[in-house]
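S.K.: Going letter by letter, the sequence shown gives residues 21 to 411 in the working numbering.
All C-beta atoms, glycine included, are put in the ideal place defined by N, C-alpha and C.
For clarity, every value in this text was computed on a predicted model and none was experimentally measured.
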Amino acid sequence: MNGTRTLIALLATLLVACDRGPADSDEALTRQVSRVVPRVEEAVGLAFKTPPKVEARSREQVREFLEKEIREKQPAEQVRGEEAAAKLLGLLPQTMDLQAFLLELLTEQIAGYYDPSTKVLYVVKGQDRTITDVTVTHELVHALQDQYLNLDSIQRARGNSDRSLSASAVIEGQATYEQLKIMSGGRFNPGALGGWEGMRDLIRQQSAQMPVFSRAPTYIQETMLFPYLSGAEFARRFEEGPKSRILYEAMPASTEQVMHREAYESNPPDAPTAVTLPAPAGGRHVHDDVMGEFGTRIFLYEHLRDQAAAVRGAAGWDGDRYVVVATPRGNGIAWLTVWDTALDAGEFADMLKRTVNRRYGTEREREVRGGTDIDTSNRLVRVAGGEIAGR
């Protein structure tokens, strides 16, 4: 989903004065696009191949678009699988309907969007002029991106959420960084606002303006913020690198590469290990996917509430895959992780045991071959390590 979020508009209000007057007729928006196009081309370093189109839309039309997008690009079966995995890992409340909540959240958040299928930039009617300015600038970057890479195919990719999130970080991160730079007169300095972490805190402080976002679980909030803020820092680093490189020709393969300069810039880049899991022997396959370093970090933070420990426990990630399995006793999850070193693997295993303790309280542990069984009141958790194919 390429849509300017209210949370990014909140950042822009720190850089420019807020103007309450709406300017959202198709004619006014077209004039604004004509003014902003040269600035976007200069900032990104690429020229539009064809002039972008822009139209105003009511919030009801936007909701209809979102419903269609979720149905087509996030099929119900996939969302149900992601929901089942997140609930098993303690990242979502058991009573949450993820698809319904995401629709409510996106309806609140979206201020405009570029649709790759129609090649049109749509802006929500009746907003503050500042938010409209942010929307037009941000979405024009997406329109320009779409003329040099296929946004629609990227958005429809399946089977590796970590890789998809890293691609989203390039797309949204570049749009966010260039938008903030353009709106600050080309002098945007993230350090002046406390860096990207400081901006993350500012967004949370202003979350009263976003009631649905403010009640979203940490997992959803952080996954929503990652492409914009971590992606913007990635875009800034890339832009300050060798001028001969083109961002779209060197997409990161993982959130690890987005977060860690050395993982992306090493020669060759630190590519994650591809993990394939066999068909489950004792149940029915429900869903499988990749958590990634960022997802692993969120999982640890959710249960430990210790950011330093979560960062430390996820460091050294080198690949993973999980599978949700339906059994006669209910859903279960198997999660195979690969690490750079045995020390990294051991630290994650220790953190994992701590999360089980925090989540379920007192348990009975017993040593088994290669690991530990942790018997809780209603669930058995096995944490085991070992070496496969030299990893």
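#1: Whole alpha helix (DSSP H) runs in the segment 321-360 with 4 or more residues, listed along the chain?
#2: According to DSSP, is D221 helix, strand or coil?
#3: Quick one: complete beta strand (DSSP E) runs, 3+ long, within the segment 68-111?
#4: Apart from the five residues just before and just after V36, which ones in its own chain have a Cβ nearer than 7 angstroms to its Cβ?
#5: Which whole-angstrom value describes the C-beta separation of N351 and A106, a residue pair presumed to lie in contact below a C-beta threshold of 8 angstroms?
#6: Considering only residues of the same chain and omitting the five flanking positions on each side of G336, which have a CB-CB separation below 8 angstroms?
#7: When DSSP labels each residue in this structure, what does A63 get in the three-state scheme?
#8: Are the CB atoms of Y284 and Y168 within a distance shorter than 7 angstroms?
#9: For the beta strand (DSSP E) holding H307, just list the boundary residues, first then last.
#10: G495 and P272 look like a contact to me (Cβ under 8 angstroms); what is the Cβ gap, rounded to whole Å?
#11: What did DSSP end up calling V143 once you bin it into helix, strand or coil?
#12: In chain order, which alpha helix (DSSP H) runs of at least 4 residues are fully inside the segment 131-212?
#13: Since P72 and L160 are thought to touch, with beta carbons under 8 angstroms apart, how far apart are those beta carbons, to the nearest angstrom?
#14: Can you tell me whether Q229 is buried or exposed? The criterion is at least 16 other CB atoms within 10 Å of its CB, across all chains shown.
#15: Select from F121, E282, E47 and P113 the residue whose C-alpha is nearest the C-alpha of I90.
#16: Does the Cβ of A76 have 16 or more other Cβ atoms within 10 Å, making it buried, or fewer, making it exposed?
#17: For a quick check, are the C-beta atoms of I318 and E407 less than 7 angstroms apart?
#18: Are V232 and L125 closer than 7 angstroms when you measure CB to CB?
#19: Measure from the alpha carbon of G312 to the alpha carbon of each residue in G205, D172, A96 and L185, then state which is nearest.
#20: Could you tell me which of V401, A354, I353 and G390 sits nearest to K415, measuring between CA atoms?
#21: Where does L35 sit, in a helix, a strand or coil, going by DSSP?
#22: The alpha helix (DSSP H) spanning L363 covers which residue range?
#23: Which of helix, strand or coil does DSSP assign to L297?
#24: Which of helix, strand or coil does DSSP assign to G214?
#25: Helix, strand or coil: how does DSSP classify R402 here?
#26: Do F314 and T275 have their beta-carbon atoms positioned less than 7 angstroms apart in this structure?
#27: Looking at the secondary structure, which residues open and close the alpha helix (DSSP H) in which E385 lies?
#28: Would you list the residues sitting across from I394 in a DSSP beta bridge?
#29: Note down the Cα distance separating G333 from T316, rounded to an integer number of angstroms.
#30: Where does the unbroken alpha helix (DSSP H) through D240 begin, and where does it stop?
#31: Using only alpha-carbon positions, find the residue among R55, V403 and W216 that is nearest to M371.
#32: Buried or exposed for S286, please, with buried defined as at least 16 other CB atoms from any protein chain shown within 10 angstroms of its CB.
#33: On a Cα-Cα basis, can you pick out the residue from E92, L108, G65 and E80 that is closest to Y380?
#34: Rank Y321, V156, R83 and G405 by C-alpha distance to the C-alpha of Y239 and give the top, closest one.
#35: Taking the C-alpha atoms as reference points, what is the distance between R384 and L324?
#36: Of all the options E260, D338, V60 and E387, which has the alpha carbon lying nearest to the alpha carbon of R183?
M.R.: Based on what the coordinates show:
#1: 327-334
#2: Residue state for D221 is assigned as helix, using DSSP reduced to three classes.
#3: 73-77
#4: The pLDDT assigned to V36 is 48, lower than 50, so where the model puts this residue is not dependable; a value taken from the coordinates is nonetheless given after this. Only T150 and M203 meet the Cβ criterion.
#5: With 8 angstroms as the limit, N351 and A106 do not qualify as a contact, their Cβ atoms being about 12 angstroms apart.
#6: Excluding positions up to five away in sequence, the list reads W359, D360, T361, L363, D364, A365, E367 and F368.
#7: helix
#8: no
#9: R304 to D309
#10: No answer is possible for residue 495: it lies beyond the span of the chain, which begins at 21 and ends at 411.
#11: strand
#12: 149-166, 171-175 and 181-203
#13: 6 angstroms
#14: Flag for Q229 reads exposed.
#15: F121
#16: Taking a 10 Å sphere around the C-beta of A76, we find 16 or more other C-beta atoms and assign the residue as buried.
#17: The criterion of a C-beta distance shorter than 7 angstroms is not satisfied by I318 and E407.
#18: yes
#19: L185
#20: Residue 415 lies beyond the residue range present for the chain, which begins at 21 and ends at 411; the question has no answer from this structure.
#21: Only weak support is given to the placement of L35: the predicted model assigns it a pLDDT of 49, under 50, and the value that follows is read from those uncertain coordinates. The answer is coil: DSSP assigns L35 none of H, G, I, E or B.
#22: A362 to Y380
#23: Of the three classes helix, strand and coil, the one that applies to L297 here is coil, per DSSP.
#24: coil
#25: strand
#26: Yes, Cβ-Cβ distance for T275 and F314 is below 7 angstroms.
#27: E385 -> not in any alpha helix (DSSP H); beta strand (DSSP E) instead, spanning R384 to V388.
#28: E385 and V401
#29: 8 angstroms
#30: Just to set this straight, residue 240 is Ile in the shown sequence, not Asp. Here the alpha helix (DSSP H) through I240 covers T238 to E259.
#31: V403
#32: exposed
#33: For Y380, the nearest C-alpha among the options comes from L108.
#34: Y321
#35: 20 angstroms
#36: D338
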